[in-house]
Each structure stands twice: as C-alpha cells, then as structure tokens.
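Right, one structure below, let's go through it.
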Amino acid sequence: MRLSEHIYRTVSSIRGPLLFVEQVLSVRVGEVVRIIRPDGGTMEGEVLKIDGRTVLIQVFGETRGLDVNSPVVFTDAVKKAPLSADIIGRVFNGSFLPIDNAPMFIPERWGKVSGFPMNPTARARPEEFIETGFSAIDGLNTLVKGQKLPIFSCAGLPSKELAAGILENSRLAGGGEFVVVFVALGLTHHEYSFYMRVIERMRTGFVAFINKADEPVMERLLAPRFGLACAEHLAFTRGMDVLVVITDMTNYCDALREVSTAREELPGRRGYPGYMYSDLASLYERAGRIKGMSGSVTMLPVVTMPEDDITHPIPDLTGYITEGQIVLSRELHQKGVFPPVDVLPSLSRLMQRGIGAGHTREDHRGIANLLYKHYAKGRDLRRLEAIVGRDGMVESDRMMLDFADAFERELVNQGGARRDINESLDTGIALLRRFSLEK
Amino acid sequence: MSGRILGISGPTVTVDLKGLKLYDMVRVGEAMLIGEVVRLEEDRAVVQVYEDTRGLGVGEQAKGVNVPLTVRLGPGLLSGMYDGLQRPLERLREETGPYISGGRELHALDLERPWRFFPLKQAGDEVAEGDILGHVEEGPFRHLISAMENGRIASIHPGEFTLAGPVGTYADGRVIQAHQEWPVRKPRPYRRKLSPQAPLVTGQRSIDFLFPFARGGTAILPGGFGTGKTILEQAIAKFADVDIVVYVGCGERGNEMAELLEEFVTLSDPWTGQALMTRTIVVANTSNMPVAAREASIYTAVTMAEYYRDMGFHVLLLADSLSRWAEALREISSSLEEMPGEEGYPTYLASRLASFMERAGVVETLSGSIGALSMILSVSPPGGDFTEPVTQACLRTAGAFLMLDTALAHRRHFPAINWFQSYSLYERDMVEHFSATVSPRWGEMQKRCRELLQREETLREVAEIVGIEGLQDADRLLMKAAERIRLEFLSQNAYTEDAFSAPDKTLAMIGDILEFYDRAEARLKAGEFLDDVLKG
Ligand SMILES: Nc1ncnc2c1ncn2[C@@H]1O[C@H](COP(=O)(O)OP(=O)(O)OP(=O)(O)O)[C@@H](O)[C@H]1O
Ligand SMILES: [Mg+2]
Numbered sequence: 104m105r106l107s108e109h110i111y112r113t114v115s116s117i118r119g120p121l122l123f124v125e126q127v128l129s130v131r132v133g134e135v136v137r138i139i140r141p142d143g144g145t146m147e148g149e150v151l152k153i154d155g156r157t158v159l160i161q162v163f164g165e166t167r168g169l170d171v172n173s174p175v176v177f178t179d180a181v182k183k184a185p186l187s188a189d190i191i192g193r194v195f196n197g198s199f200l201p202i203d204n205a206p207m208f209i210p211e212r213w214g215k216v217s218g219f220p221m222n223p224t225a226r227a228r229p230e231e232f233i234e235t236g237f238s239a240i241d242g243l244n245t246l247v248k249g250q251k252l253p254i255f256s257c258a259g260l261p262s263k264e265l266a267a268g269i270l271e272n273s274r275l276a277g278g279g280e281f282v283v284v285f286v287a288l289g290l291t292h293h294e295y296s297f298y299m300r301v302i303e304r305m306r307t308g309f310v311a312f313i314n315k316a317d318e319p320v321m322e323r324l325l326a327p328r329f330g331l332a333c334a335e336h337l338a339f340t341r342g343m344d345v346l347v348v349i350t351d352m353t354n355y356c357d358a359l360r361e362v363s364t365a366r367e368e369l370p371g372r373r374g375y376p377g378y379m380y381s382d383l384a385s386l387y388e389r390a391g392r393i394k395g396m397s398g399s400v401t402m403l404p405v406v407t408m409p410e411d412d413i414t415h416p417i418p419d420l421t422g423y424i425t426e427g428q429i430v431l432s433r434e435l436h437q438k439g440v441f442p443p444v445d446v447l448p449s450l451s452r453l454m455q456r457g458i459g460a461g462h463t464r465e466d467h468r469g470i471a472n473l474l475y476k477h478y479a480k481g482r483d484l485r486r487l488e489a490i491v492g493r494d495g496m497v498e499s500d501r502m503m504l505d506f507a508d509a510f511e512r513e514l515v516n517q518g519g520a521r522r523d524i525n526e527s528l529d530t531g532i533a534l535l536r537r538f539s540l541e542k
Numbered sequence: 043m044s045g046r047i048l049g050i051s052g053p054t055v056t057v058d059l060k061g062l063k064l065y066d067m068v069r070v071g072e073a074m075l076i077g078e079v080v081r082l083e084e085d086r087a088v089v090q091v092y093e094d095t096r097g098l099g100v101g102e103q104a105k106g107v108n109v110p111l112t113v114r115l116g117p118g119l120l121s122g123m124y125d126g127l128q129r130p131l132e133r134l135r136e137e138t139g140p141y142i143s144g145g146r147e148l149h150a151l152d153l154e155r156p157w158r159f160f161p162l163k164q165a166g167d168e169v170a171e172g173d174i175l176g177h178v179e180e181g182p183f184r185h186l187i188s189a190m191e192n193g194r195i196a197s198i199h200p201g202e203f204t205l206a207g208p209v210g211t212y213a214d215g216r217v218i219q220a221h222q223e224w225p226v227r228k229p230r231p232y233r234r235k236l237s238p239q240a241p242l243v244t245g246q247r248s249i250d251f252l253f254p255f256a257r258g259g260t261a262i263l264p265g266g267f268g269t270g271k272t273i274l275e276q277a278i279a280k281f282a283d284v285d286i287v288v289y290v291g292c293g294e295r296g297n298e299m300a301e302l303l304e305e306f307v308t309l310s311d312p313w314t315g316q317a318l319m320t321r322t323i324v325v326a327n328t329s330n331m332p333v334a335a336r337e338a339s340i341y342t343a344v345t346m347a348e349y350y351r352d353m354g355f356h357v358l359l360l361a362d363s364l365s366r367w368a369e370a371l372r373e374i375s376s377s378l379e380e381m382p383g384e385e386g387y388p389t390y391l392a393s394r395l396a397s398f399m400e401r402a403g404v405v406e407t408l409s410g411s412i413g414a415l416s417m418i419l420s421v422s423p424p425g426g427d428f429t430e431p432v433t434q435a436c437l438r439t440a441g442a443f444l445m446l447d448t449a450l451a452h453r454r455h456f457p458a459i460n461w462f463q464s465y466s467l468y469e470r471d472m473v474e475h476f477s478a479t480v481s482p483r484w485g486e487m488q489k490r491c492r493e494l495l496q497r498e499e500t501l502r503e504v505a506e507i508v509g510i511e512g513l514q515d516a517d518r519l520l521m522k523a524a525e526r527i528r529l530e531f532l533s534q535n536a537y538t539e540d541a542f543s544a545p546d547k548t549l550a551m552i553g554d555i556l557e558f559y560d561r562a563e564a565r566l567k568a569g570e571f572l573d574d575v576l577k578g
C-alpha cells in the first residue's frame, strides 16, 4: 500500500481511449488515475494492464486534446460508485455527474462499480410478478422479480415507445417500494429529448443515467455499471424492488468493440471481442433476489438486432445469458400493432413460477397456453393460405386464421393504453370465447 | 519459494519465480489469490489466476507452492455445492455473506463432521496403492477408503473419527488418512478400460428409444439459446439410473443453479427413493464468476467423479456448457498472446477436449471392481451454427450427438432433439440390450418409428403444396400416426409427471401408437373412411 498519490509525466503514447505510461512503480490493476489536460481540466482513467513498468490506462473521458506531456496522477484507489437513497429522482451522465441542475448528493457509502458475483446458494428463486401494463408481456411472457428479460428489436421499430411505456407503467402486483433505474446509452438528441419528457412524466421513483451519442465511449461502458451499483444498493441495502431498463445494449456492445479494437485485441465474431459473453454476463447476472432479504433487481435490456438478425452476436450472446426474450416484429409494426410483440419466438423462461393463484390469477396458465397454441396454429395456416388461398381452405382453418388476426389486433395491440393483469387475461378469455376455443 | 509480480494482464500474472514446474500452484499478491503456472520462461513464469485480479499490484509477492492445483477427495463430498476451485459455496456464504469476494480458502471437506470407519484390513497387512482399507457410510453409499501408498499397516482404528485425524498408521510411521488430495488435471489411475456394454437409462424417450446412451459413454447436446439444453441436463440429472451425479454449471446462470439446488433438496431418486441431493455433487462457476476458475471447474468436477468411480460406482458427469469452458480457454490463451487458431480458439482446443472426454469410460478399478464414468455435455454454438470449432471438436470424440433444434424449440417441442440429425454410436449394442431386458420387439419398433418419421417428412413437403386434404387417406393416416409419435411419444414436458419415462413405459407408449396405426391401416384397407377410422 502506498501512502500518497504519485504523479508521472511519462506518457509514451495515446491511442483512442488508451494511454501508455512508462517508468511507473508500484501500481495496481483497476487503480483509478487522474489525467490533467493541457487546459487544466482533469479526467479519470483506470489501470488496465501492467507490464513491468509500463502501464496501460483506459481513459473514461474524451482523449481528444490530450498530449504526451499530460501529467497522470495514480490515486491508489479503485473506482467506486457513490451510493445513497438520495439518488432517487435524479438524472446523471455516464460519469455519475448530475445533469439535472441540482447539486451532487452526499453519499452514504461507496460501492464497487462492477459489483461482486452473487453466491449461487444465496440466490432466491424469482417468482413474484411485475406488471408492465402490456398484455403480450404480462399475459403471455410474464416478467418476475429478479429476472433478466431482454427486448429484441429491429431498427425502425418502436422499441423506444415500448421502453417508455414500461418505464411509466410498471407496477408491483403486491405493493412495496418500487424504483426504476433507467440507463440510456448513446442517445441521439432526438431520443434524448424524448426520454427526458418520459422522465418528467414518471410517477414511480426513478434514477436515470443518460449517455449521449456524442459523449465518450467509455462512459457507455460505465453507465450500466453505475446503474446496477445503484440498483443493488437500493434493492439489498434499502429493500426496494428495482427494475433496471437499459437501452440500447447494441450501443454498449459497439462501444466494447471499439475499445477492444483500440487495445489491439484479437477480434472475435463480427469484430466483437471474444470475452463479450463474460462481459455481458457481468452485467446481466447482477439481476436477482437474495434469500432472507427483501428487495430485488430485475433487468429489461433493449437490444436492437443489427440487420434484423437474431443470430448476430449481440442478441445471440444476450439470449444465452438472459432468461427469455421479448421479440418485436416488423410485420406486426407494419400492421399498426403496438407493441409489435411476436409472441411465438418470445418466451419468459421464469414465467411458470410467477403466475397462477397467489401470483397473478388461477386461470392464467390455462389462458396463456390456449392463446399461444391457437395463435401458433393460425400462424402456421397463414403459410398454407399463401399457397392455396383462403377459399381453398376448410372452414375450421379459416376460423383459425381469423383468430390469429383478432389475437394480434385485440390482445397484442393496445396502443398507448395500460392494461392491468385482469384486463389482459379477460381480453384473452373474451377472444377465446368468441371463437369457441375456451377448452 | 517466493518472488514478485512483474506484470498483470486480465486473468494472467507474470511473476519472477524460478524453478517452478508447469501447472504448479502459485499464490499471488497480498490477497494470496490462487493461480496455476501456464507458461515457463527462463527467469519468469506466467500464472493463470483463478480469481478477479483487480486490485493486484506489481511488486506484490508471489509464492510457489510446488504442488499442482488439487481437489480434496473424501467422505462428505456428496450433496455439496462447490465453485470451480472446490470451495464449498454454502459455507462460503455463511462466512462471507451473499456475495463472493475472492481470496478466501475453505476446505472442501468438513473436518469436524463425525464418520464411522469400518476397516477391511488389519494391522500387519501389506497393502498396495488402490487397495481397499475399509469403508465409511456416506448416506446410502459405501464410501470406500483406499490406500494412497504401498506399505505395511501398523494400526487401523474402527469406529468414530473425523477427517481431521488419521484412521491408522503404516509400520514406518506414515499416517493413513481417510481423505486425499488429487491434481485435477491428472486422470486417476485404473487397471484397464473396458468397452461400454450396458445402457444408461435417461428417462427421456427420445434418447432411450432412438439414440440410446451407454454407461461409460460420452454424449454432447449442442443447441442454440433456449433449445432446452439446461432443462434436459437437469432432467437427466434427476432421473438417470446412475449411482452418483456430478453436475457442473460452467459459465451459466446463477438462478438456474439456485433452482437446481432448491428442487433437488425436495425430490427423490426414482430408482432408489433416496433424496436426490444425497447422490449429487454440484459444481457451480456461473458466468459472472472468474473466468479462469471456469476453465478449472470441469476438471474439478471430473476428478470428483473419477474418485467415486474408483469405488465401483456408476457416475454421470453433466456439464452445462462446454462452450463456456472453451471460451474461458480462449480468454486465457489470448491474454497469453498465443497464436490463435480457428475463431480465436487456441489450436490445442481439440486435443484438450479429447483428453477431457477420454476420462469417461468403464474401468476395472485398482481394487478390481467395475466402475463407470459417463458424460453428457451441452454445447452452445454461436448463432446456433454447428459448424463452429467447439461443436466440431466435440463431434470427433463424442459417442452420441443429440442435436437440439431451434425450429423444434420454437414450436415448443421439447426435448427438441432432432430425430434426423442426431446419432448414437452405442445404438446397436444398446438396442440389443433393451431387446433382451425389456422386449424382443424393441429393435423392430424402433425401426418402424424411424420409418414413420421419415415418411412423414416426405409427405409433409407434398402437403405444404396441396394441403393435407389433398393427400390420400393412407398417407393422411400415416401423417396422423407420425404426429402422435412426435407429440405424445417424443415430446416430454419437463414440468409434468411425464418428465421421466422408464423403459417399459417408453415401449408401451410407442407400442400403442404403432398398434393404432396398424389397426387403422387394416380398416382403411377394408374400405372404411379415414374419418370413421380416426373416430375410433
Ligand atoms: N423438456 C421441456 N419441457 C418443457 N419446457 C421446456 C423443456 N425444455 C425446455 N423448455 C422450455 O425452454 C426454455 C429454455 O430451456 P433451457 O433453459 O433448457 O434452454 P438452454 O438450451 O439451456 O438455453 P441457454 O443456452 O440460453 O442456456 C425453458 O425455460 C422452458 O420454457
Ligand atoms: Mg442453458
């Protein structure tokens, strides 16, 4: 342990967000450094790699304007996040600085930004229902506390509006303190003003971390970790149920690729680093509940699938870590269905335990299974319809086609309205009755 | 032997220690993190560190321990849950709370728990390594204690003892312990390997009937995300007719491990009625736990499995997922700046995999009994593309390939085992076995079942164009029979009673469907209409 800060003026090269410093003595991995810019301002960085006396530093801010004479201060501290219940209602940037014109809060404590892995034996099973207000999710792909359930979207689909709906409308079924942590990465100005309006309208408690498209790439990697450190604090120190909405993980992964390339690491599939699975897991796995504690961290990341391709590494690795997925469909969007959730490829893997008597409603499972089954049948028949035409089909098949249409128009589609779980299930029952498919 | 840290890059640390051997254990830093030597150079060694290296500093101490990474083997492993380095997770939680912070050493075995020792040998006996000295009752199992060294026994004590003390001494003063340490990367010895003969009944109809698996065999389960790998592995862990199950959650979800634990405590083994957990060891190194420990986790698991095999048990090792192990290997390789092979994996990926899978098999143990170690390993190919290096490397060694099909999973057909692409090299021998033990008609029915599925596929293409109504009655009947095979026989919902199907139930079910088909076909031939025939 060193006793004081060290200052070095031995930067040998600057490459993107990376800085090489020579002749450094006694330094640790993860140590925070401060870099003093030629204009007198400072920025932070972190020690990434040490080779003898050469130290590789990852800079969190914009490296433009730095030069090799910039002094680097080694602080002998690792990066920590300031934590307090006073963060509720606040808006920060990707460096955890307030951007809502109010002063910084006074931290209760400082927490490790990247968190610690939860001991698997300490985890409590996720099984309590969270109501998002959307029938396609609540009724057919139910979200439960402690789950990580991503939304797979495509460019041009209203994932922003869906995320906004979830931010505004999510509730706990059983009551309790509920907070939404919203992490927005790489926002364009247009998206920024959209989400700021959403935040103003919010009635539940929230914390927001906003990183704009023109802000440093490194902040895109940090913001979700700050968000999760806050979520863990609110959940497991304060006993609150926290829903973390992160948009858009595709921007996160692109930032990861950019930084990896700058480090001259070996690129993996499509140029994304080979450790992207572990890196994403270090975020997504922070969702959960702990035995013997109240509070929970639930995660809803939004992923925009490049080229609408679900096998692209970003949705693919996400799917390999999360507990299901909500998939949006271009076709439904074109039909004017909002939210355009395609329930066939969508799945909440933890739904089984979170529905039924004592959770949602006794008849939930039966209704969901029937709706899914008949809709799948109707969708299958659409292919036949394309070949033989509607008139070439038997009456019962034509009815299933009509059912599939009605299902999309009336159950999935709900426009801007919020539906509670009873309304969602009742809509389903009414639909099944109308087509005499209740059994 | 001690030295200093020279450099740190991700999970690898360079130290200035000399005189180490490859794979020797090293402790680095003030936190005394555990690592293993993965590369030796003239005056330095590169260590793969099993814990988060953040906070580690250059100049901090490094200590060579002169032994390789080992696990502890002895009574009390069963029903435990360990991390990739065999730290007992329950006890870790009691001591450090719900989060794992690392740098902590805990003995895998409980040294205070009392056991009863029943000696087989007595004072004066000459014993050789591997000879059985006696046993301890571990739950329902006879846990054999064998000699670790040759020698003449001076004393051996029956009755109550704890692992903290010896159970006897050799004439030359060496003590006899009822537990031992074993290097994880070194396969445990046996007299000879035998070829797999008997089936391993999984309770999954599609496996037992179409792609039967053998005791001592290896099978891989590759499939894209959500195709049901974990559910299938867990179902097999619950229902397989084996003595002992070692389940490794390698780089997967924490919630799944919690769920497995919670379930296994309440369920019982369908073959013996004993609580399921008493036959199970769980190794959990979840995706957010240190990557190097993930690499070690499958070796930790297989060594414990071999230990019980050596007592003459049939042990099943289930790993979910081998791809995460391979990725860990890749991460370590790339931080060593090794020359990458295909898709960045090190060129030794295939040989490492093959030597790992070679640890499966039926063996004659050192004490002359027969033990078996079977492996069922899931693989998570990126994008569900089976041409990728890990699936391909596994295919070269595995005896059974159970391909999980994304299209079937989307249709919610589970287990989503593709019946055209999958295969089992054990099939012929196992069918023979089932024919002898369950019914002589097993083989013939299996053939007919395959044929129906095959013909359905051809007809389906026609039906896509002309509609099912356009087919002849005989073909429509066949489609109906094949549909019943798919929906009633091959599908098995893991959340229902049907999750387990014993061989006679399996045979009865397929027998019913084939009989239905035969009778209906006869009635069609006799001139009846299909609709009437289908009505019953
Ligand atoms: N035998 C089964 N019976 C019923 N449902 C099943 C079965 N197998 C899988 N499922 C369904 O599929 C979902 C995904 O299964 P599972 O978690 O085993 O997939 P996986 O292949 O392990 O995915 P990943 O690679 O992402 O871990 C389950 O949550 C469940 O809803
Ligand atoms: Mg899985």
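Chains A and B, in that order, are what the protein sequence lines are.
Quick note: to get our numbering, add 103 to the position in the first sequence (first position is 1).
Quick note: to get our numbering, add 42 to the position in the second sequence (first position is 1).
Idealized CB from N, CA, C, for every residue including glycine.
Fair warning: this is a prediction, and the values are worked out from it, not measured in the lab.
Distance cut-off 7 Å: residue i Cβ against heavy atoms of ligand 4
i: B:K271; result: For ligand 4, the structure offers nothing, since it holds only ligand 1 and ligand 2.
First through last residue of the alpha helix (DSSP H) which encompasses residue i
i: A:T166; result: Here A:T166 belongs to no alpha helix (DSSP H), and DSSP marks it neither H nor E.
i: A:D298; result: This sequence places Tyr at residue 298 of chain A; Asp is not what is there. A:Y298 -> alpha helix (DSSP H) spans H292 to R304.
i: B:G485; result: W484 to V508
Residue environment, residue i, which counts as buried when at least 16 other CB atoms sit within 10 Å
i: B:P424; result: buried
i: B:E62; result: For the record, residue 62 of chain B in the displayed sequence is Leu; it is not Glu. When all chains shown are included, B:L62 counts as buried.
i: A:H415; result: buried
i: B:F571; result: exposed
i: B:N535; result: exposed
i: A:V345; result: buried
Where the beta strand (DSSP E) through residue i begins and ends
i: B:T56; result: T54 to V57
i: A:N314; result: G308 to K315
i: A:Y111; result: H109 to Y111
Neighbour flag for residue i against chain A, beta carbons, 8 Å
i: B:V404; result: no
i: B:V307; result: no
i: B:N297; result: yes
i: B:H455; result: no
i: B:M123; result: yes
Cutoff 8 Å: residue i Cβ touching any chain B Cβ
i: A:A365; result: no
i: A:F219; result: yes
i: A:L56; result: A question about residue 56 of chain A goes unanswered here, because the residues of chain A that appear run from 104 up to 542.
i: A:R226; result: yes
i: A:K542; result: no
i: A:T401; result: no
Entirely enclosed alpha helix (DSSP H) segments - the stretch 259-338 of chain B, minimum 4 residues: 271-281 and 296-308
Alpha helix (DSSP H) segments (min. 4 residues) lying fully within the stretch 418-442 of chain A: 433-437
Check distances from the C-beta atoms of the stretch 317-332 of chain B to those of chain A and list, in chain order, the residues that come in under 7 Å. A326, T328, S329, N330 and M331
Taking a cut of 8 Å between CB atoms, which residues from the stretch 496-514 of chain A lie near chain B? M496 and V497
By the 8 Å beta-carbon criterion, what residues does the stretch 444-472 of chain A contribute toward chain B? L447, P448, L450, R452, L453 and Q455
Quick one: which unbroken alpha helix (DSSP H) runs of 4-plus residues sit fully inside the stretch 409-474 of chain B? Chain order, please. 431-439 and 448-452
Taking only runs that begin and end inside the stretch 138-200 of chain A, name each unbroken beta strand (DSSP E) of 3 or more residues, in chain order. 145-154, 157-162, 175-181, 183-186 and 194-196
Residues in the stretch 196-207 of chain A having any Cβ partner in chain B nearer than 9 Å: none
Can you list, in chain order, the residues of the stretch 135-163 of chain B whose Cβ is nearer than 7 Å to any Cβ on chain A? R135, P140, Y141, I142 and S143
For the stretch 536-548 of chain B, which residues have a beta carbon sitting closer than 8 Å to at least one beta carbon of chain A? Y537
Listed from N- to C-terminal order along the chain, which residues in the stretch 169-190 of chain B have their beta-carbon within a distance smaller than 7 Å of any beta-carbon of chain A? none
Which complete beta strand (DSSP E) runs does the stretch 233-258 of chain B hold, if anything under 3 residues is left out? 234-236
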